[in-house]
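There are 2 protein chains.
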Amino acid sequence: MSSGGIHHLKSLEKGLALLEAFGPETQAMTLTELSQRCGFHISTVQRLTATLCRLGYLKRDHAKRYHLGLKVIKLGYRVTQSMALRTFLLPYLRDLFEEIDQTVNLFLLEGDEVVIVERIEKRQILQYNLHTGSGLPLYCTAAGKAILSHMEEEWVNAFLERVNFKAFTPHTLTTPQALKEALKVSREQGYAVNIQELALGACAVGVAFFDKTGIPCGAISAAAPAQFFNMEMVKRYLEPLKRTAGAASQFLGNHKD
Amino acid sequence: MSSGGIHHLKSLEKGLALLEAFGPETQAMTLTELSQRCGFHISTVQRLTATLCRLGYLKRDHAKRYHLGLKVIKLGYRVTQSMALRTFLLPYLRDLFEEIDQTVNLFLLEGDEVVIVERIEKRQILQYNLHTGSGLPLYCTAAGKAILSHMEEEWVNAFLERVNFKAFTPHTLTTPQALKEALKVSREQGYAVNIQELALGACAVGVAFFDKTGIPCGAISAAAPAQFFNMEMVKRYLEPLKRTAGAASQFLGNHKD
DNA sequence: TATAAGTTATCGTATTACGATAATGTTGTG
DNA sequence: CACAACATTATCGTAATACGATAACTTATA
Chain W
158 MSSGGIHHLK SLEKGLALLE AFGPETQAMT LTELSQRCGF HISTVQRLTA TLCRLGYLKR
218 DHAKRYHLGL KVIKLGYRVT QSMALRTFLL PYLRDLFEEI DQTVNLFLLE GDEVVIVERI
278 EKRQILQYNL HTGSGLPLYC TAAGKAILSH MEEEWVNAFL ERVNFKAFTP HTLTTPQALK
338 EALKVSREQG YAVNIQELAL GACAVGVAFF DKTGIPCGAI SAAAPAQFFN MEMVKRYLEP
398 LKRTAGAASQ FLGNHKD
Chain A
158 MSSGGIHHLK SLEKGLALLE AFGPETQAMT LTELSQRCGF HISTVQRLTA TLCRLGYLKR
218 DHAKRYHLGL KVIKLGYRVT QSMALRTFLL PYLRDLFEEI DQTVNLFLLE GDEVVIVERI
278 EKRQILQYNL HTGSGLPLYC TAAGKAILSH MEEEWVNAFL ERVNFKAFTP HTLTTPQALK
338 EALKVSREQG YAVNIQELAL GACAVGVAFF DKTGIPCGAI SAAAPAQFFN MEMVKRYLEP
398 LKRTAGAASQ FLGNHKD
């Protein structure tokens, strides 16, 4: 009984941890590699992989390396399909995209990051490796800062305690002071901007929306290349962004989730 | 020890089954609903949901209904990120999209269906609810028929035994005979077409690719609205499609997975 | 071919997940 | 408002199962 609640279903937790061990750098792993990476006994990994393979969540190649199976994608797809907010907002997002002709994102707060739940991407030379499911830090994204700016000070302070600032670019805010100041401005303005804080060349404007208890739980953002980004543009995007975020808040307020 | 292999990690299997219980029609479920739907004892469901909530795979709203959590999306995202073939093909697919200016799809065979692994969608009036992770039948998709057409006859016969034909449109092939004939033509041509067999107004051309053992394991397809679709178009798309599918086959041949 | 490393199979034991039941909380109805 | 019906949470003894050590076997490496 190590951590957390009273019910602990170990093998379920371990099985999911095993799936989470895979990533861009670890596409294929052998039994022992998995055992080492997860810190599980090799017998345990053997049982886990056997079960997961049988269910289609893992595949094994002829070199006895394990890969994630397609069942995992299908599972991920289930979420977007079974998310009322996303379904509701989809037409609004399409309208927003048509109106501003820039990449638009729907983010939801998940722990200490924002996760892309829907993204309509403008095709251009510079393509980002962002998709539904991508998790991004709060402190260097327009969506994240928009959410933070509406959080209670207590919450923000606790967040600042545990966050590990990383300078993705020279423009990334990496001190609690700098971030707090930026959040104050954002709060007053009702929107947040990200000017090349996460990636050079990438800018965005984000507006938060709120659940029925008034807590910011997500944001809509519009992204644009740095060379086209300016205050005039922000002003132009602001009204449609606020309209879309407002629709989200309203939906969450009426549909008691 | 009901079915399958010797190792059976029940709670892992049940936990994943629980997640799979969610879908467009079942976005939010209570404990007892989940218990009924999955056929698990309520105590079991209680343990499963507690564990999954703690791990972020489920969320519970104030009405005590469970929803899929964002962790599931993130997990799904892991697959596409950790799939060598997809990473390799992405630029080819972008080129293909530019060249033909139609929606292109990368499908992989998974059981008796094809799953979209990557999709570059042309924006147009008619938008389909298809995304990465969508699973589609083999017998009424260009990709599926392209794969089937290169399968050994034995395999196809076994498939025809177990498949449950459903007429999505009046054009859907719903008999083994009709399908077999179509597959014969496809095999000779080296590509398969889907003319409004899955959805009215939707057509596609698909070309299969092969793993290193020569078994067809996926397909590239190009989709177009029915009003624009004709033989001349197929001819125009064929060469770039074959080129892309060829790249996939070559990749799978060299990278021993 | 010899040696090491990795994978699969076996098995007794301690742990854990199971499901019945009871207690508590919630919702709907007269 | 009180009662009933239902749903959720907590408790607990037992049976089952997941655990991990070990051995047998297979595959890579020098």
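Protein chains in written order, with the numbering used here: chain W, 158 to 414; chain A, 158 to 414.
Beta carbons are placed, not taken as given, at the ideal position from N, Cα and C, and that holds for glycine.
Small disclaimer: the values here were computed from a predicted structure and weren't measured.
Please list the terminal residues of the continuous alpha helix (DSSP H) segment that includes GLY172/A. By one-based count along the second sequence, residue 172/A stands at place 15. Looking at the DSSP string, the run of the alpha helix (DSSP H) that includes GLY172/A is 167-177.
Measure the Cβ-Cβ separation of VAL391/W and VAL362/W and say whether it is below 7 Å. What you label residue 391/W is simply residue 234 of the first sequence in a count that begins at 1. What you label residue 362/W is simply residue 205 of the first sequence in a count that begins at 1. In this structure, VAL362/W lies closer than 7 Å to VAL391/W by Cβ.
Taking only runs that begin and end inside the region 259-347 of chain W, name each unbroken beta strand (DSSP E) of 3 or more residues, in chain order. When DSSP assignments are scanned along the region 259-347 of chain W, the uninterrupted stretches of beta strand (DSSP E) that are 3 or more residues long and fall wholly within it turn out to be 260-267, 270-277 and 292-294.
What does the Cβ neighbour count give for THR477/W, buried or exposed, with the cut at 16 atoms within 10 Å? Examination of residue 477/W is not possible in this model, given that chain W is present from 158 through 414 alone.
Mind checking which residues open and close the beta strand (DSSP E) that includes PRO382/A? Residue mapping note: residue 382/A aligns to position 225 of the second sequence, counting from 1. Element bounds for PRO382/A: 373-382.
Partner residues on chain W for PRO373/A, Cβ-Cβ distance less than 8 Å: In the second sequence, counting from the first residue as 1, residue 373/A sits at position 216. Those do not exist, as PRO373/A stays about 15 Å from chain W at its closest Cβ, beyond 8 Å.
Going along the chain, which residues of the region 219-245 of chain A sit with their C-beta nearer than 9 Å to a C-beta in chain W? HIS219, ALA220, ARG222, HIS224, LEU225, GLY226, LEU227, LYS228, VAL229, ILE230, LYS231, LEU232, GLY233, TYR234, ARG235, VAL236, THR237, GLN238, SER239, MET240, ALA241 and THR244
Are the Cβ atoms of ARG276/W and ASN286/W separated by less than 7 Å? Translated into the one-based positions of the first sequence, residue 276/W becomes position 119. Translated into the one-based positions of the first sequence, residue 286/W becomes position 129. Contact: no.
List the endpoints of the continuous alpha helix (DSSP H) containing GLY233/A. Walking along the second sequence from the start, residue 233/A turns up at place 76. First-last of the alpha helix (DSSP H) with GLY233/A: 227-238.
Residues of chain W with CB closer than 7 Å to the CB of SER291/A, please, in chain order. In the second sequence, counting from the first residue as 1, residue 291/A sits at position 134. Correct list: TYR234.
Quickly, what does DSSP pair TYR223/A with across the bridge? List them, please. Within the second sequence, numbered from 1, the residue matching residue 223/A stands at position 66. DSSP lists MET186/A and ARG217/A as partners of TYR223/A.
Using alpha carbons as the reference points, say which of THR401/W, SER406/W and THR187/W lies closest to LEU247/W. Here residue 247/W refers to the residue found at position 90 of the first sequence. Ranking the options by Cα distance to LEU247/W, first place goes to THR401/W.
Using a Cβ-Cβ cutoff of less than 7 Å, which residues in the same chain neighbour ALA324/W once the five nearest sequence positions on both sides are dropped? Along the first sequence, one-based indexing puts residue 324/W at 167. Within the same chain, ALA324/W has close Cβ partners THR331.
Going along the chain, which residues of its own chain have a beta-carbon closer than 8 Å to the beta-carbon of LEU166/A, five neighbours each way excluded? On the second sequence, position 9 is the one that residue 166/A refers to. Result list for LEU166/A: empty, nothing under 8 Å.
Bridge partners of VAL350/W, per DSSP? Taking the first residue of the first sequence as 1, we reach residue 350/W at position 193. Answer by DSSP bridge pairing, in chain order: VAL362/W.
Give me the residue from PHE254/W, PRO294/W, SER343/W and VAL342/W with the minimum Cα distance to ARG319/W. Stepping through the first sequence from its first residue, residue 319/W is reached at position 162. It is PRO294/W.
If the cut-off is 9 Å on Cβ atoms, which residues from the region 177-190 of chain W count as contacting chain A, listed in chain order? Cβ contacts with chain A come from GLU177, PHE179, GLY180, PRO181, GLU182, THR183, GLN184 and ALA185.
When you compare the CB of ARG319/W with every CB in chain A, is at least one pair closer than 7 Å? In the first sequence, the residue the question calls residue 319/W occupies position 162. By this cut-off, ARG319/W is not an interface position.
Starting from ASP252/W, trace the alpha helix (DSSP H) in both directions and tell me its first and last residue. Locating residue 252/W in the first sequence gives position 95, where the first residue counts as 1. ASP252/W -> alpha helix (DSSP H) spans 241-257.
Kindly list, in the order they appear in chain A, the residues whose Cβ is closer than 8 Å to that of GLY172/W. Within the first sequence, residue 172/W is the residue found at index 15, counting from 1. Residues of chain A passing the Cβ test: LEU166, LEU169, GLY172 and LEU173.
Let me see if you follow: with CB-CB separation under 7 Å, is THR260/A close to chain W or not? For the purposes of this step, residue 260/A is taken as residue 103 along the second sequence, with counting starting at 1. It does not; no Cβ of chain W falls within 7 Å.
The alpha helix (DSSP H) with THR206/A in it runs from where to where? In the second sequence, counting from the first residue as 1, residue 206/A sits at position 49. Looking at the DSSP string, the run of the alpha helix (DSSP H) that includes THR206/A is 199-212.
From this set, SER291/W, PHE316/W, ALA207/W and THR289/W, which residue's C-alpha is nearest LYS302/W's C-alpha? Walking along the first sequence from the start, residue 302/W turns up at place 145. That would be PHE316/W, whose Cα lies nearest to the Cα of LYS302/W.
For THR401/A and chain W, any beta-carbon pair shorter than 7 Å? On the second sequence, position 244 is the one that residue 401/A refers to. No, its Cβ sits nowhere closer than 7 Å to a Cβ of chain W.
In whole angstroms, what is the alpha-carbon distance linking VAL202/W and TYR214/A? Numbered from 1 along the first sequence, position 45 holds the residue referred to as residue 202/W. Numbered from 1 along the second sequence, position 57 holds the residue referred to as residue 214/A. Approximately 21 Å between the Cα atoms of the pair.
Decide if the region 236-254 of chain W is in contact with the region 187-207 of chain W; the criterion is three or more beta carbon pairs, one per stretch, under 8 Å apart. no
Within 7 Å of any Cβ in chain A, is that where the Cβ of PRO397/W sits? In the first sequence, counting from the first residue as 1, residue 397/W sits at position 240. The Cβ of PRO397/W sits no closer than 7 Å to any Cβ of chain A.
Thinking GLY233/A and GLY290/W are a contact (beta carbons under 8 Å), I'd like their distance in whole angstroms, please. For the purposes of this step, residue 233/A is identified with residue 76 of the second sequence, where counting begins at 1. For the purposes of this step, residue 290/W is identified with residue 133 of the first sequence, where counting begins at 1. Yes, GLY233/A and GLY290/W are in contact; Cβ-Cβ is about 6 Å, under 8 Å.
Measure from the alpha carbon of GLN281/W to the alpha carbon of each residue in ARG393/A, VAL274/A and PHE254/A, then state which is nearest. Position 124 of the first sequence, counting from 1, holds the residue named residue 281/W. Considering only alpha carbons, the answer is PHE254/A.
Write down the C-beta distance between ARG222/W and ALA185/W rounded to the nearest angstrom, noting that I regard them as a contact closer than 8 Å. Taking the first sequence and counting its residues from 1, the one referred to as residue 222/W is at position 65. Taking the first sequence and counting its residues from 1, the one referred to as residue 185/W is at position 28. Between ALA185/W and ARG222/W the Cβ distance is about 4 Å, and since that is below 8 Å, they are a contact.
Is ASP258/A buried or exposed, if buried means 16 or more other CB atoms sit within 10 Å of its CB? Position 101 of the second sequence holds residue 258/A. By the 10 Å Cβ count, ASP258/A comes out exposed.
Output needed for SER378/W: all residues of its chain with C-beta closer than 6 Å, excluding positions within five of it in sequence on either side, in chain order. Position 221 of the first sequence, counted from the first residue, corresponds to residue 378/W. Same-chain partners within the cutoff: ASN262, ALA299, ALA300, ALA361 and GLY363.
Using three-state DSSP, classify LYS413/W as helix, strand or coil. For the purposes of this step, residue 413/W is taken as the residue at position 256 of the first sequence. Here LYS413/W scores only 44 on pLDDT, less than 50, and its place in the model should not be relied on; the value that follows carries that caveat. Coil at LYS413/W, not helix or strand.
Determine, using beta carbons only, whether VAL272/W comes closer than 7 Å to chain A. Taking the first residue of the first sequence as 1, we reach residue 272/W at position 115. Chain A contact via Cβ: present.
Residue environment, THR208/A, which counts as buried when at least 16 other CB atoms sit within 10 Å: Counting from one through the second sequence, the residue named residue 208/A turns up at place 51. Result: buried.
Is the CB of ARG204/W under 7 Å away from at least one CB in chain A? Indexing the first sequence from 1 puts residue 204/W at position 47. At least one chain A Cβ lies under 7 Å of ARG204/W.
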